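Visitor: Have a look at the structure that comes next, please.
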Amino acid sequence: MGCRDPVDVFAENENVTLATDQPARICGGTPRAIDAFIDHLASLFPETPGPIEIEFLSPAVFPSESPCGENQNGCTFETTVYTKFLPAYHEIIHALGNTLAYSPEPGHPMLEEGLAHLFDATSQRAGPIDVQTVERGLQFVGGFSEFSDEPLRPAAQQFMYFLWTRYGSAAAIDLVLHSEYGVSLFEQNELFFRTTGSSLPELVEQYSQMAECSPFAARLLPVDCKEPHIAAFSLGWQESFEVDCRSYDAFGSDLGEVWVSRTFDVDAAGEFTLTTYGLDDNQGYVTMGRCDGGCDSNFRVSMWIGEQSIVELEPGRYVVSFRRRENIRGRVGLQIRSGVRR
3 MGCRDPVDVF
13 AENENVTLAT
23 DQPARICGGT
33 PRAIDAFIDH
43 LASLFPETPG
53 PIEIEFLSPA
63 VFPSESPCGE
73 NQNGCTFETT
83 VYTKFLPAYH
93 EIIHALGNTL
103 AYSPEPGHPM
113 LEEGLAHLFD
123 ATSQRAGPID
133 VQTVERGLQF
143 VGGFSEFSDE
153 PLRPAAQQFM
163 YFLWTRYGSA
173 AAIDLVLHSE
183 YGVSLFEQNE
193 LFFRTTGSSL
203 PELVEQYSQM
213 AECSPFAARL
223 LPVDCKEPHI
233 AAFSLGWQES
243 FEVDCRSYDA
253 FGSDLGEVWV
263 SRTFDVDAAG
273 EFTLTTYGLD
283 DNQGYVTMGR
293 CDGGCDSNFR
303 VSMWIGEQSI
313 VELEPGRYVV
323 SFRRRENIRG
333 RVGLQIRSGV
343 RR
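Numbering (the working numbering), first residue to last: 3 to 344.
What follows is the structure, encoded as structure tokens:
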């Protein structure tokens, strides 16, 4: 990368150093979100991960000041994340894993990318993934840059969700950390049997029996699901936010998506009407999902401003995120009412 212009440290603790050449573009809640995310992941790893660094770089300097390829929004080199957007959960997972790597090479892309996409808070991928695509990912022997074929990354995410929910986080992470790069996972069958008690062909068969699930639903959002709670849910509620990157509870960065999240509980199953409202400029929308996952219930909602949807909500905790796609302040709101209203 040659001689680099220095970036300034924006925030620092024993786990992470966040440096940037554009401090004004970091949303108010983003450093807190990064800390909470790292704390959550660290609690799941078999050992305490080492410290990592995040360099949040402006688009003008990103091509020359990062090792990422052309047209990339972010990448990880050893334990440093380079990114155009925050909070960069995807790359943070790679960096944390690299501090615990048990070999000089990274793990298999099907598992490493699956884990990273499992926690991707902004992914908009949708659509169920067939078993043949999953098998193609498990057989893959190329590098990470070659794993960018669109069907493979959602397939990796969904297969990781299956491993995580069926065998637990410890087993899933063990597979990531001990898998071999450049070798088909079918040739690493002993690792799967030792970790799960099942061979990889048996795991594929179990996966094929799993309830149909889209990658949009098969995500874990540990930070958003710990955000403030909306008042007790009965017949319904209505809430809106002026989504502004400068707000203390806004996540993201003002070059990308900005959002505010809240949680609420549903005590009894029922039919509910969701109505979004706010600044209708094709930039604001609302997402909602269950905090305990998506595959079994297959429930996740994404609605633009001005839309209405009737959904069945099962008991449990839900997270709703009020989102803006660009850094133009605007109000985003959601109304939920029990029963069908037309």
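Each residue gets a CB set at the ideal place from its N, CA and C atoms; glycine is no exception.
Please read these numbers as outputs of a predicted model, since none were measured by experiment.
Would you kindly check if the distance between the Cβ of residue 21 and the Cβ of residue 225 is under 8 Å?
Guide: Numbered from its first residue, the sequence shown carries residue 225 at position 223. Numbered from its first residue, the sequence shown carries residue 21 at position 19. Their beta carbons are not under 8 Å apart, which means residue 225 does not touch residue 21 by this criterion.
Visitor: Is it true that the CB of residue 337 sits closer than 8 Å to the CB of residue 289?
Guide: By one-based count along the sequence shown, residue 289 stands at place 287. By one-based count along the sequence shown, residue 337 stands at place 335. Not in contact: residue 289 and residue 337 (Cβ atoms no closer than 8 Å).
Visitor: Per DSSP, what are the beta-bridge partners of residue 77 in this structure?
Guide: Start at 1 with the first residue of the sequence shown, and residue 77 comes out as number 75. DSSP lists 84 as partners of residue 77.
Visitor: Give me the Cβ distance between residue 161 and residue 185, rounded to the nearest whole Å; I'm assuming they're in contact under 8 Å.
Guide: Position 159 of the sequence shown, counting from 1, holds the residue named residue 161. Position 183 of the sequence shown, counting from 1, holds the residue named residue 185. Between residue 185 and residue 161 the Cβ distance is about 17 Å, and since that is not below 8 Å, they are no contact.
Visitor: Go ahead and label residue 115 buried or exposed: buried means 16 or more other beta carbons lie within 10 angstroms of its beta carbon, across all protein chains shown.
Guide: Counted from its first residue, the sequence shown places residue 115 at position 113. Buried, because 16 or more other Cβ atoms sit within 10 Å of the Cβ of residue 115.
Visitor: Per DSSP, residue 320 forms a beta bridge with which residues?
Guide: Residue mapping note: residue 320 aligns to position 318 of the sequence shown, counting from 1. Its beta-bridge partners are 266 and 292.
Visitor: What is the DSSP secondary structure of residue 10, counted as helix, strand or coil?
Guide: Residue numbering aside, residue 10 sits at position 8 when the sequence shown is read from its first letter. It is a strand residue.
Visitor: Which residue spans inside the region 207–257 form an unbroken beta strand (DSSP E) run of at least 3?
Guide: The region 207–257 contains these whole beta strand (DSSP E) runs: 238–245.
Visitor: Name the one or two DSSP bridge partners that residue 305 has.
Guide: Translated into the one-based positions of the sequence shown, residue 305 becomes position 303. DSSP lists 288 as partners of residue 305.
Visitor: Please name the residue, chosen from 265, 334 and 227, that lies closest to residue 307 on a Cα-to-Cα basis.
Guide: For the purposes of this step, residue 307 is taken as the residue at position 305 of the sequence shown. Of the candidates 265, 334 and 227, the one whose C-alpha sits nearest the C-alpha of residue 307 is 334.
Visitor: Identify the continuous alpha helix (DSSP H) that holds residue 279 and give its terminal residues.
Guide: Translated into the one-based positions of the sequence shown, residue 279 becomes position 277. Where residue 279 is concerned, there is no enclosing alpha helix (DSSP H), although the beta strand (DSSP E) it sits in stretches over 272–280.
Visitor: Would you please state the rounded distance, in angstroms, between the beta carbons of residue 110 and residue 182? I believe it to be under 8 Å.
Guide: For this step, residue 110 is matched to residue 108 along the sequence shown. For this step, residue 182 is matched to residue 180 along the sequence shown. That pair is a contact at about 6 Å.
Visitor: Just tell me which of 157, 140 and 249 has its CA closest to the CA of residue 201.
Guide: If you number the sequence shown from 1, residue 201 lands on position 199. Of the candidates 157, 140 and 249, the one whose C-alpha sits nearest the C-alpha of residue 201 is 140.
Visitor: Report the three-state DSSP secondary structure of residue 139 (helix, strand or coil).
Guide: Along the sequence shown, read from residue 1 onward, the residue named residue 139 stands at position 137. Helix at residue 139.
Visitor: Can you list, in chain order, the residues of its chain whose CB lies under 8 Å from that of residue 341, leaving out five sequence neighbours each side?
Guide: The sequence position of residue 341 within the sequence shown is 339, counting from 1. If we look at residue 341 and ignore the five residues flanking it on each side, its Cβ neighbours are 272, 273, 274 and 275.
Visitor: Can you round the beta-carbon distance between residue 91 and residue 69 to whole angstroms, since I take them to be within the 8 Å contact cut?
Guide: Here the question's residue 91 lines up with position 89 in the sequence shown. Here the question's residue 69 lines up with position 67 in the sequence shown. About 20 Å; that fails the 8 Å criterion.
Visitor: Give the range of the alpha helix (DSSP H) segment to which residue 197 is assigned.
Guide: Taking the first residue of the sequence shown as position 1, residue 197 is located at position 195. Residues 191–198.
Visitor: If we require 4 or more residues per run, which alpha helix (DSSP H) segments fall completely within the region 144–176?
Guide: Correct list: 154–169.
Visitor: Where do the N-terminal and C-terminal ends of the alpha helix (DSSP H) with residue 98 fall, by residue?
Guide: Within the sequence shown, residue 98 is the residue found at index 96, counting from 1. From DSSP, the alpha helix (DSSP H) with residue 98 extends over 91–101.
Visitor: Thinking C-beta only, is residue 53 closer than 8 Å to residue 100?
Guide: Numbered from 1 along the sequence shown, position 98 holds the residue referred to as residue 100. Numbered from 1 along the sequence shown, position 51 holds the residue referred to as residue 53. Against a cut-off of 8 Å, the Cβ pair of residue 53 and residue 100 comes out as no contact.
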